[in-house]
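Here the structure is laid out as structure tokens; the discussion comes afterwards.
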Amino acid sequence: MVSAGALEQFYALFEAWGIPWIVPRLAIMLGVVSIIIGFISVSAMFLIWWERKISAHIQARFGPMRVGGWHGWAQSIADGLKLLLKEDIIPTRADRPVFILAPIVVFAASLATYVVIPFGPGLIVQDLNIGILYIIAISSLTVVGIIMAGWGSNNKYAALGALRSAAQAVSYEVPLVISLLGPLLLVGSLRMTDIVEYQGGTWLGILPGWLIVVQPLAFLIYFTCAVAETNRLPFDIPEAESELVSGFHVEYSGMRFAIFFLAEYANMFVVCAIATTVFLGGWQGPLLAPWVWFLLKTYFLLFVMIWLRWTLARVRVDQLMHVAWKVLLPLAFVNLGITGLLVLVLSPMG
Amino acid sequence: MTAEEILQQIQSRFREEIRTAEVRRGEACVTIKADRNFEICRFIKEELGYDYLNCLSGVDWTADKEMEVVYAISSLKQPGKIILRARVPQDEPVLRSVVPLWGTANWHEREAFDLFGIRFENHPDLRRILLPEDWIGYPLRKDYQDERFVAYPWEDRKPGSVPRPTTA
Amino acid sequence: MWRYLREIWRGFWSILLSMQITLRYLFTRAVTVQYPEEKRQLPTRALTQHVLTIDLESQELKCTACDMCARICPANCIHLAGEGKGKARRPKWFVIDHNLCMYCNLCVEVCPFDAISMWTGKYELGGFSRTNLVYDMETMHADGFYPTIMTPRSPPGAAAKAPAAPGGGKGGGKG
Amino acid sequence: MTTINLHLQQVKERTTESMEEMWVNMGPQHPSTHGVLRLLLKLDGEVVRECIPYLGYMHRCHEKIGENRAYVQIIPYTDRLDYLASMYNNWAYCLACERLMEISIPARAEYLRVIIGELQRIASHLIWLGTFGLDLGNFTLFMWCFREREMILDLFEAVSGQRINYSFMRIGGLALDVPEGWLADVKAFLAWFTPRLSEYDRLSTDNIIWQKRIQGVGILKPEDAISYACSGPMLRGSGIRWDLRRDDPYGIYDRFEFDIPVGPNGDVWDRFWVRRQEMEQSVKIVEQGLKAIPPGPVLAPVAKKLRAPVGDIYSRVESPRGELGHYIVADGSERPYRYKVRAPTFVNLSALPVMLPGYMVADAVAILGSVDIVLCEVDR
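Chains A, B, C and D are the protein sequences, given in the same order.
Sequential numbering from 10 applies to the first sequence in the numbering used here.
Sequential numbering from 58 applies to the second sequence in the numbering used here.
Sequential numbering from -15 applies to the third sequence in the numbering used here.
Sequential numbering from 641 applies to the fourth sequence in the numbering used here.
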């Protein structure tokens, strides 16, 4: 978020005062983390409110209308406060350390991914040269937290949910990564800013230079996998309210539940941000500020996710596996193969 | 098969077991002795083809010191209904179960056992079904007594008697 | 192979169709009634709180304490006692325990003198204690005309006020 | 036996031992048991191996209450049996009493009973469709179905003054005639409702996830259906064209033209599709009823104190959930001597342990949903 030169000057200042080198770095880290947490909380609250309103209007009702006056905009804040104040219940026969750690692991995993999201030119915490790889690696940590929650709760429903989640995450990581490989082949870099800048031009002079234009199949596969990764309908079998009574977090209450909730919405934002970066041209767009474009595109994708959730029924476990291994994976491979061939054929000329 | 024909068939086969037999509202109503209820039911199901057990219900005839199990049997293929009653003594209410013939009898018989205390031999799983397992007594018997059960004051109420609620 | 691809396409297309209809609904009007601010208009026949109707001229209760309603009540929630003989017989006290009431309207139907009504439109009966729902003669005393089964429409004569007689049995809002 | 084979067998034994099957308690408080039903499921991973239902959490001994009430007074209690189809329960009970006491009811009352009963069937199927959508994870369908059901409830409220527990039928007819303009309202509702069905189809029937979830799941073979005396859409879903409205007509159903949809396979999809089509058929019946309804009284002159002649009767009607039977034994007094309700969902539910084994937990929810139980009626 701050240019490298300014940071060096900041560190040099502290060094001149004779303060150990760790202190300014910690201060910067803390600052960044609190900004990210602030952003996650605000965006998650907004998303929750937004989801409730959208679902309500899809179902011919109003949704929250009371708290805060205009269309219940403060409902999420009120709910968050309520969850903060609620009693934190830990079942007696739960595995206490695991039970307590689980939400933190889930949240930490989704928190860490925010580091490489390019909100705008320069608006990125750390522009790693392996940005995409980093995100994919970190976001699969979520499932560890979910399994911990399922195991630690000492509840059969939670265990079933956790096992389902593990199976789901393992299966959907594969087509997800392979679908991303197609665009990455075109770009030739794993760095987030490189990916966005690659999409600056136009295709054939009229279409925007977004990768979705040349990689629509990859986008669809990625988006499907992303919905599955975030455990949302139609792939919400780990929580499956009507079967497993909300699965792995059935025993959680109060703040710990809120953290799970927050992490879910934070994860949603991350996967949509990646989709925006890789397929929808990131911050690229005319007139408006880059970060506005980025948020607009991301929120449009989030809207589609919410819209999907309130349209579709839940799939079954075996169907979920079927979709992952027999539909998405072959298609992703086909897409990757065709893209690779084209790159191979066209690159000497271009 | 008309009700008269049904009656004739059953009577010709099980002359000894039948106590009364009549046709009412187009239904064959047969009262039998309880000791061969299973054979009669099997005859009705397999040979007469009435394979649909609508309802199985117990009745407590305290005045006669008897319990009754009423089978309402019909068929999805032919018209005609059979009301089959099997009477057992009240102090020893035991019958053969008809679960081997009709799966539906399972829960109906459990219900009759639960609420009337009629026991069905050969029943695969004769437990209480509606009441808790540790309930004492059979509530639908006419002589059932329970301090929680308040009889409805129908005949004996007089205007102004027993004002239960207090005024606000 | 062809079947496989067609199946995928069918799935994709059916999901798009479903999404199209939910999107259309996103922009339709909500049917919810925001209760404390807006109130639904109840039909005339809505069964609500009991009321003991009065003769509009003499302002006296029509009830003669004949005990018919108390006898028919399946929940046994009506209790009353009368005083006086013959035509002058009137209830001494009259208690309905609304905690038990099943809203079957049998007491109203059985009343030979048209003396009790449930078509009052008073449906906000909540209270903080169960005794709030035990009504005595004072709380049930009608303050004007209330429709009953025998006189379902409007008060005889314009002078009487009709506190709760919303018009016609309309089927409520649509769409 | 070679050493390797012996070893393999040991491994096999050990795995079957250690592959523990897990007993999971589904209910009494579970979002998909539609009330307080407790199912004990033996799970092998995700697959259900065995199912033991436990009932009675809502038991209030309806039959004992009935034995202590006069015939008229039982009517409000019948509402509380199947509270999603109260009108039909009223009708079934009143019809049993009328048959027992040999009362014939006026023509207008007959027509109104059919109109109201079929509207009730639509309402009941709507709520079933909605909650079934909820079981499968589709919340939107639930809300849409509720919206249309609310309109039917509005109609019923205009008639009886109540939204759920109507107590509207009486022995000998109806409590009241319908208010002015009500029949036109019904017509307007039908005009609004028919296009909505195709919207539900878009969201559910045509949707591939919906189809894949319920096709080929929870198969109930016709012989099992008969053995377990299943009725209503459960029986018709198993391919048996049996509907009491046609096969043992009561009221004036023999004057109406309607089809009886059946499903060939006996899976959840067939039960769903049967109910979905029955809504259309009910619309058809209501339309015919609206055309033919005569004016006149709605309540036959009956005695204030009803006494039934000594005898008994098993009377049955086709409620939205199946064969709703009333077995009444009369001893000549004002109260029934014995009063038994043959609840359709009680009987249909008894076939659940046959249908569940071999399917997954997610299917268990769908299968249970397809039985369309109302626990108040199951437990009585």
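By construction, the Cβ of each residue, glycine as well, lies at the ideal position given by its N, Cα and C atoms.
In this text, all values refer to a predicted model and were calculated from it rather than measured experimentally.
Below-9 Å beta-carbon distance, residue i vs any chain D residue
i: C:His1; result: The sequence shown places Leu at residue 1 of chain C, not His. Yes, its Cβ sits closer than 9 Å to a Cβ of chain D.
i: A:Gln68; result: yes
i: B:His165; result: yes
i: C:Ile56; result: yes
i: A:Leu326; result: Reading the sequence as shown, one finds Val at residue 326 of chain A and not Leu. By this cut-off, A:Val326 is an interface position.
i: A:Tyr231; result: no
i: B:Lys138; result: yes
i: B:Asn179; result: no
i: C:Arg(-13); result: no
i: A:Ser262; result: no
CB contact check: residue i to chain A, cutoff 9 Å
i: D:Ala1004; result: yes
i: C:Thr206; result: Residue 206 of chain C lies beyond the range of chain C shown here (-15 to 159); nothing can be said about it.
Under the three-state DSSP convention, the category residue i falls into
i: D:Arg689; result: strand
i: A:Trp219; result: coil
i: B:Ile130; result: strand
i: D:Thr771; result: helix
i: D:Ile892; result: coil
i: D:Met874; result: helix
i: D:Val1018; result: helix
i: B:Asn111; result: strand
i: C:Cys85; result: coil
i: D:Asn665; result: strand
i: A:Phe128; result: coil
i: D:Met1031; result: Since the first residue of chain D shown is 641 and the last is 1020, residue 1031 of chain D is not available in this structure.
i: D:His699; result: coil
i: A:Arg200; result: coil
i: C:Asp51; result: coil
i: C:Lys76; result: strand
i: D:Ser744; result: coil
i: B:Phe100; result: helix
is_contact[residue i, chain C] using C-beta, thresh 9 Å
i: D:Asn847; result: yes
i: D:Thr673; result: no
i: A:Leu193; result: no
i: A:Ala235; result: no
Whole-number beta carbon distance between residue j and residue i, since they are thought to touch under 8 Å
i: D:Tyr806; j: D:Met727; result: 6 Å
i: D:Ala865; j: D:Ile880; result: 7 Å
i: A:Gly393; j: A:Asn344; result: Residue 393 of chain A lies beyond the stretch modelled for chain A, which goes from 10 to 359, so this question has no answer here.
i: C:Ile100; j: C:Cys53; result: 6 Å
i: A:Val360; j: A:Trp292; result: Only positions 10 to 359 of chain A appear in the structure, and residue 360 of chain A is not among them; the question remains open.
i: C:Ser2; j: A:Leu321; result: 7 Å
i: A:Arg173; j: A:Pro243; result: Wrong, their Cβ atoms sit about 14 Å apart, outside the cutoff.
i: A:Ile113; j: A:Leu199; result: Not a contact, Cβ separation roughly 28 Å.
Heavy atom of the ligand MN within 8 Å of residue i beta-carbon
i: D:Val1014; result: Summarising the ligand content, the structure contains no ligands, and the ligand MN is consequently not present.
Name the residues in the region 88 to 106 of chain C whose C-beta lies less than 9 Å from a C-beta of chain A; which are they? Going along the region 88 to 106 of chain C in chain order, one finds no residue with a Cβ nearer than 9 Å to chain A.
Any contact of the region 186 to 202 of chain B with the region 698 to 717 of chain D, i.e. 3+ C-beta pairs under 8 Å? The region 186 to 202 of chain B is in contact with the region 698 to 717 of chain D.
Closer than 7 Å, Cβ to Cβ, to anything on chain D: give me those residues from the region 151 to 162 of chain B, in chain order. Of all residues in the region 151 to 162 of chain B, Trp159, Gly160 and Thr161 have a Cβ within less than 7 Å of some Cβ in chain D.
Residues in the region 794 to 809 of chain D with C-beta within 8 Å of chain C's C-beta atoms, listed in sequence order? Within the region 794 to 809 of chain D, the residues whose Cβ lies closer than 8 Å to some Cβ of chain C are Asp794, Leu795, Glu797, Ala798, Val799, Ser800, Gly801, Gln802, Asn805 and Ser807, listed in chain order.
Chain A contacts from the region 9 to 28 of chain C (Cβ-Cβ distance under 7 Å): Under the 7 Å Cβ criterion, the region 9 to 28 of chain C contributes Tyr9, Leu10, Thr12, Ala14, Val15, Thr16 and Gln18.
Against chain C, which members of the region 309 to 324 of chain A pass a CB distance test of less than 8 Å? The residues in question are Trp316, Leu317, Trp319, Thr320 and Leu321.
Taking Cβ-Cβ distances below 7 Å as the criterion, which residues of the region 958 to 983 of chain D are in contact with chain B? Residues of the region 958 to 983 of chain D with a Cβ closer than 7 Å to any Cβ of chain B, in chain order: Glu963, Gly965, Tyr967, Val969, Arg978, Lys980 and Arg982.
Taking beta-carbon pairs under 7 Å, can you tell me which members of the region 874 to 890 of chain D lie near chain B? Under the 7 Å Cβ criterion, the region 874 to 890 of chain D contributes Ile880 and Trp882.
Is the region 919 to 926 of chain D close to the region 752 to 772 of chain D, with three or more CB pairs under 8 Å? Verdict: yes, contact present.
Scan the region 71 to 85 of chain A for residues whose Cβ lies nearer than 7 Å to a Cβ of chain C and list them as they occur along the chain. Within the region 71 to 85 of chain A, the qualifying residues are Phe71 and Met74.
Segment contact, 8 Å Cβ cut-off, at least three pairs: the region 6 to 14 of chain C with the region 102 to 115 of chain C: As far as the Cβ criterion goes, the region 6 to 14 of chain C does not touch the region 102 to 115 of chain C, which means the pair count is below three.
Residues of the region 75 to 109 of chain B with Cβ closer than 9 Å to any Cβ of chain D, in chain order: From the region 75 to 109 of chain B, only Arg81, Arg82, Glu84, Cys86, Asp108 and Tyr109 have a Cβ closer than 9 Å to chain D.
Cβ contact check for the region 118 to 133 of chain B and the region 92 to 110 of chain B: 3 or more pairs under 8 Å: Contact holds: three or more Cβ-Cβ distances are below 8 Å.
Using a Cβ-Cβ cut-off of less than 8 Å, list which residues of the region 242 to 256 of chain A approach chain D; keep chain order. Residues passing the 8 Å Cβ filter: Leu242, Pro243, Asp245, Ile246, Ala249, Glu250, Ser251, Glu252, Leu253 and Val254.
Proximal residues, the region 153 to 181 of chain A versus chain D, C-beta separation under 9 Å: Residues are counted here when their Cβ sits less than 9 Å from a Cβ of chain D; for the region 153 to 181 of chain A these are Lys165, Tyr166, Ala168, Leu169, Leu172 and Arg173, given in chain order.
Using a beta-carbon distance cut-off of less than 9 Å, what residues from the region 831 to 865 of chain D approach chain C? Of all residues in the region 831 to 865 of chain D, only Trp832, Glu839, Arg842, Leu843, Ser844, Asp846, Asn847, Ile848, Ile849, Trp850, Gln851 and Lys852 place a beta-carbon less than 9 Å from a beta-carbon of chain C.
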